[in-house]
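S.K.: Quick one: the structure is below, and I'll ask about it shortly.
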Amino acid sequence: MASPPASPQFSLTRRDLIAGLGAAALCPAWPATGSAQGRTAVTLQAKADRILLRPDGPETPVWSLGSGDLRFKRGEVLDVTFGNELPVAAALDCRGLDGVPAAEPLASRAPLATGAKDTFQLPLRHAGTFLCEPLFGEGTAPARPRPLIVTGTSPVAVDRDEVLLIEEWRLQPDGTAIPPGNDPKDSTQIHTINGKTSYDIWAPANARLRLRFINGSQRSMLAVKLDNLDVRVMAIDGQPAEPFPARNGALVLAPGSRTDVFVDAAGPAGTSFPILLHDGKQARPVGKLAVSNEPPIRTAPFPPAPPLPGNDMPAQLDLKSATRFDLALGAPTDWVHPADFKPSAAPAFQAKAGRTVVLALTNQATIASVFHLHGHHFRLLDRLDDGWKPFWLDTLAVEPGQTQRIAFLAEYPGRYLIEQVATDWTAPRLLRWYSVQ
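Residue numbering for the sequence shown follows my numbering, beginning at 4 and increasing consecutively.
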C-alpha cells in the first residue's frame, strides 16, 4: 500500500522529535485532594486477537488484553485477575502507575505460564492517562496495549474525554504483522488511531474536548499535529502540567508516553482540522477533527482552562544531598531481555526511602534510546544540574552520545523495573531493576 505524500507544513527529523520532548511549561504544586474509595474487580486476559488493518485484506493476528478503555477513579483499589492465554509466558505491565511494588512485573510477580492466572491489587494513587500491556519474551504477533484512564474526584470542564491510541504496524503481504524486535524486511509501515487507519472526531461548535494521545508504538518517536487548531497541553505521562500551547499544534511522543490536551471545536459546521502524524521521515494524515451540523454547544468557546487537579507530587527535590548513579544506555552490558530477567540479579542501584535520586543516563549507541522508569515519575534536570524542567515524566528519549540527568524522590519502598529500547524496529526491549529500601 503506497504511503500518502509528505506534508510540507509538518517537517521534522528524528532529532527534532527527540528535542521536542523538552518543550513544556510549569507544573505547580497543588494542595492535597480527597480520593475516591472503593474496590473493583477487574479481569484481564492476555489472548490471541485480530485487527483489520486493510479493508481489502485479511485480518491481522495480534495479542491483546481485550478492547476498550479501562476507566476508574482515583483512590479506587483494583482487585485484578490476570490470565494468560498466550502460547508464551507473560506478565502484566501497567505503565505509569507509581508505588505499586506488589504488582511490579518480573521484579515481584513471576511471568505466568500458558493457562495460568494471577491475582493482585492495584491501588490507583494518581489520576491520569496510563497504559496496560502484556510483557513477555519473543512473540509471534505484535501485542496491543490497552489504555487505563483514572479520573480525578474533582470535575473537569470538558464536553468529551477521548483516548487516541496511536499504534505502529509493519504489515506483510499475507496480512500478518511483524512484532517489534524482528526484522521488518518487505513490510509496509501503517499507523492507526484506535485501531483505524483514518480516525475522525465530530463535535458541535464550541465544544471542548480532552484528547488523551498515547504513543502505543514500542519503538518509534512520533509527532502528532492538529493543523490550524489551538492545542493546549494539560498533562504529560499522566501528571498534570500548567497549561501551555503546543508549538505549532504539534506534540512529540516517545514510545509509551502520553500527552493530554484540550482543544475547542471552533468554526462553523463543516470546518475540518486535519490530524497529521510524523515519524521523523514524513507526515501522514491519519484523521481529522470536524465541526458537526449539530447546534453549537454554547454561544462562545470556554475561556482558557485552569490546571488540572493535582496528584500530590513532591513540591521540591533536594539535589544537594541526592544519591547519584550512572546508567549506560545503548549498551547490552547488565541489561537483559524480559525472558532472561532474574530478580536474583544485582540491582542497577539501591536508594533509601525519602531520598532524592539523580540518574545520569548516557546513551552509548549510535541511535536514540528510550528510557522508562517504573514506580516513580521523575524531573528532567537542567544541563548545569542546578534545577529541573517544570514537568514530570516516566519516559525519556536520549540522543546518541548524550547524557541526560533525571531526579526523583524515592517515595515508595519496593523493587521496580527500569527499561531501555533503541528507536529501531529490530531493537530488543532490555530490562534491569532497582530497589527503594
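Ideal Cβ positions, reconstructed from N, Cα and C, are used throughout, including at glycine.
Just so it is clear, the structure is predicted and the values come from calculations on it, not from any experiment.
How is Gly469 classed by DSSP in three states: helix, strand or coil?
M.R.: For residue 469 there is no data in the structure shown, the boundaries of the chain being 4 and 440.
S.K.: Does DSSP put Arg382 in a helix, a strand or coil?
M.R.: Taking the first residue of the sequence shown as 1, we reach residue 382 at position 379. Arg382: strand per DSSP, three-state reduction.
S.K.: According to the Cβ coordinates, are Ala94 and Leu109 closer than 8 Å?
M.R.: In the sequence shown, residue 94 corresponds to position 91, counting from 1. In the sequence shown, residue 109 corresponds to position 106, counting from 1. Yes; because the gap between Cβ atoms is below 8 Å, this pair is in contact.
S.K.: In terms of DSSP beta bridges, what is Trp66 paired with?
M.R.: For the purposes of this step, residue 66 is taken as the residue at position 63 of the sequence shown. Paired residue(s): Ala51, Ala146.
S.K.: My assumption, with CB atoms under 8 Å, is that Val266 sits in contact with Leu212. Please give the rounded CB distance.
M.R.: Here the question's residue 266 lines up with position 263 in the sequence shown. Here the question's residue 212 lines up with position 209 in the sequence shown. About 5 Å separates the two Cβ atoms, so the contact holds.
S.K.: Given a threshold of 16 other Cβ atoms within 10 Å of its Cβ, counted over all protein chains shown, does Leu167 qualify as buried or as exposed?
M.R.: Translated into the one-based positions of the sequence shown, residue 167 becomes position 164. Leu167 is buried by the Cβ-count criterion.
S.K.: Straight-line CA distance for Pro58 to Gln440?
M.R.: Counted from its first residue, the sequence shown places residue 58 at position 55. Counted from its first residue, the sequence shown places residue 440 at position 437. Going from the Cα of Pro58 to the Cα of Gln440 covers about 53 Å.
S.K.: For the beta strand (DSSP E) that Lys228 lies in, which residues bound it at each end?
M.R.: For the purposes of this step, residue 228 is taken as residue 225 along the sequence shown, with counting starting at 1. First-last of the beta strand (DSSP E) with Lys228: 225-229.
S.K.: In angstroms, rounded to a whole number, what distance separates the CA positions of Pro298 and Asp203?
M.R.: As a first step, residue 298 is located in the sequence shown; it is residue number 295 there, counting from the start. As a first step, residue 203 is located in the sequence shown; it is residue number 200 there, counting from the start. The straight-line gap from Cα to Cα measures roughly 19 Å.
S.K.: Provide the residue(s) that pair with Leu174 in DSSP beta bridges, ordered along the chain.
M.R.: Taking the sequence shown and counting its residues from 1, the one referred to as residue 174 is at position 171. In the DSSP output, where bridge partners are listed per residue, Leu174 has Ala180, Thr191.
S.K.: Give me the Cα-Cα distance between Glu402 and Leu254, rounded to the nearest whole angstrom.
M.R.: Taking the first residue of the sequence shown as 1, we reach residue 402 at position 399. Taking the first residue of the sequence shown as 1, we reach residue 254 at position 251. If you take the alpha carbons of Glu402 and Leu254, they lie about 18 Å apart.
S.K.: From the DSSP output, read off the bridge partner residues of Asp427.
M.R.: For this step, residue 427 is matched to residue 424 along the sequence shown. In the DSSP output, where bridge partners are listed per residue, Asp427 has none listed.
S.K.: Quick one: any contact between the stretch 298-316 and the stretch 243-251, if contact means 3 or more CB pairs under 8 Å?
M.R.: With the cut-off at 8 Å, the stretch 298-316 and the stretch 243-251 touch.
S.K.: Over what stretch of residues does the beta strand (DSSP E) that includes Ile1 continue unbroken?
M.R.: Within the shown structure, residues of the chain are numbered from 4 to 440, placing residue 1 beyond reach of any answer.
S.K.: Pull up the DSSP beta-bridge partners for Thr262, would you.
M.R.: Within the sequence shown, the letter at position 259 stands for residue 262. Beta-bridge pairing links Thr262 to Phe216, Ile239.
S.K.: Apart from the five residues just before and just after Ser260, which ones in its own chain have a Cβ nearer than 7 Å to its Cβ?
M.R.: Position 257 of the sequence shown, counting from 1, holds the residue named residue 260. Result list for Ser260: Asn218, Asp240, Thr398, in chain order.
S.K.: Assign Pro183 to one of two classes, buried (16 or more other C-beta atoms within 10 Å of its C-beta) or exposed (fewer than that).
M.R.: Locating residue 183 in the sequence shown gives position 180, counting from the first residue. It is buried - the Cβ of Pro183 has at least 16 other Cβ atoms within 10 Å.
S.K.: One question on the structure: do Pro350 and Tyr415 come within less than 8 Å of each other, judged by their Cβ atoms?
M.R.: Counting from one through the sequence shown, the residue named residue 350 turns up at place 347. Counting from one through the sequence shown, the residue named residue 415 turns up at place 412. Contact: no.
S.K.: Just how far apart, CA to CA, sit Thr46 and Thr326?
M.R.: By one-based count along the sequence shown, residue 46 stands at place 43. By one-based count along the sequence shown, residue 326 stands at place 323. Cα-Cα distance, rounded: 39 Å.
S.K.: Arg215: which of Ser223, Trp391, Asn197 sits nearest, CA to CA?
M.R.: Locating residue 215 in the sequence shown gives position 212, counting from the first residue. Closest option to Arg215, Cα to Cα, is Asn197.
S.K.: Return the first residue and the last residue of the beta strand (DSSP E) that Glu79 is part of.
M.R.: For the purposes of this step, residue 79 is taken as the residue at position 76 of the sequence shown. Run containing Glu79: none; DSSP gives neither H nor E here.
S.K.: Just curious, the beta strand (DSSP E) that Gly273 is in, first and last residue?
M.R.: If you number the sequence shown from 1, residue 273 lands on position 270. Counting along the chain, Gly273 falls outside any beta strand (DSSP E), and DSSP gives it neither H nor E.
S.K.: Check this for me: beta carbons of His129 and Arg77, under 8 Å apart or not?
M.R.: As a working note, residue 129 is residue 126 in the sequence shown. As a working note, residue 77 is residue 74 in the sequence shown. Against a cut-off of 8 Å, the Cβ pair of Arg77 and His129 comes out as a contact.
S.K.: Reducing DSSP to helix, strand and coil, say where Gly499 ends up.
M.R.: There is simply no residue 499 to check, as the chain begins at 4 and stops at 440 in what is shown.
S.K.: Just to confirm my understanding: we take Asp164, look at its own chain, exclude 5 residues before and 5 after, and list those with CB closer than 6 Å. What are they?
M.R.: Indexing the sequence shown from 1 puts residue 164 at position 161. Arg213, listed in sequence order.
S.K.: Check Pro307 in the structure and name its three-state DSSP category.
M.R.: As a position in the sequence shown, residue 307 is number 304, starting the count at 1. Looking at Pro307 - three-state DSSP - the assignment turns out to be coil, as it is neither helix nor strand.
S.K.: Given Pro137, which residues of its chain have a CB within under 6 Å of its CB, disregarding the five upstream and five downstream residues?
M.R.: Reading the sequence shown from its first residue, position 134 is the one you call residue 137. Once the five neighbours on either side are set aside, the close Cβ partners of Pro137 are Ala49, Ala93, Ala146.
S.K.: Mapping the DSSP letters down to three states, classify Pro277 as helix, strand or coil.
M.R.: Locating residue 277 in the sequence shown gives position 274, where the first residue counts as 1. Three-state DSSP puts Pro277 in a strand.
S.K.: Please go through the stretch 305-380 and give each complete beta strand (DSSP E) segment of 3 or more residues, from N-terminal end onward.
M.R.: You should have 326-332, 352-354, 359-366, 372-376.
S.K.: Are the Cβ atoms of Ala160 and Val294 separated by less than 8 Å?
M.R.: Working through the sequence shown from its first residue, we reach residue 160 at position 157. Working through the sequence shown from its first residue, we reach residue 294 at position 291. Not closer than 8 Å, so no.
S.K.: CA-CA distance, Glu79 and Leu125?
M.R.: Within the sequence shown, residue 79 is the residue found at index 76, counting from 1. Within the sequence shown, residue 125 is the residue found at index 122, counting from 1. Cα-Cα distance, rounded: 8 Å.
S.K.: Inspect the beta-carbon positions of Leu451 and Leu412 and report whether they are closer than 8 Å.
M.R.: With the chain represented from 4 up to 440, any question about residue 451 goes unanswered, as that position is not in the structure.
S.K.: When the Cα atoms are used, what is the spatial distance from Ala334 to Thr369?
M.R.: Taking the first residue of the sequence shown as 1, we reach residue 334 at position 331. Taking the first residue of the sequence shown as 1, we reach residue 369 at position 366. Cα to Cα, the separation comes out at about 10 Å.
S.K.: On a Cα-Cα basis, can you pick out the residue from Pro393, Arg418, Gly390, Leu376 that is closest to Ala400?
M.R.: As a working mapping, residue 400 is identified with position 397 in the sequence shown. For the residues Pro393, Arg418, Gly390, Leu376, the minimum Cα distance to Ala400 belongs to Leu376.
S.K.: Quick check: the Cα distance between Leu56 and Leu81, rounded to an integer number of angstroms?
M.R.: As a working note, residue 56 is residue 53 in the sequence shown. As a working note, residue 81 is residue 78 in the sequence shown. Between Leu56 and Leu81, the C-alpha separation is close to 33 Å.
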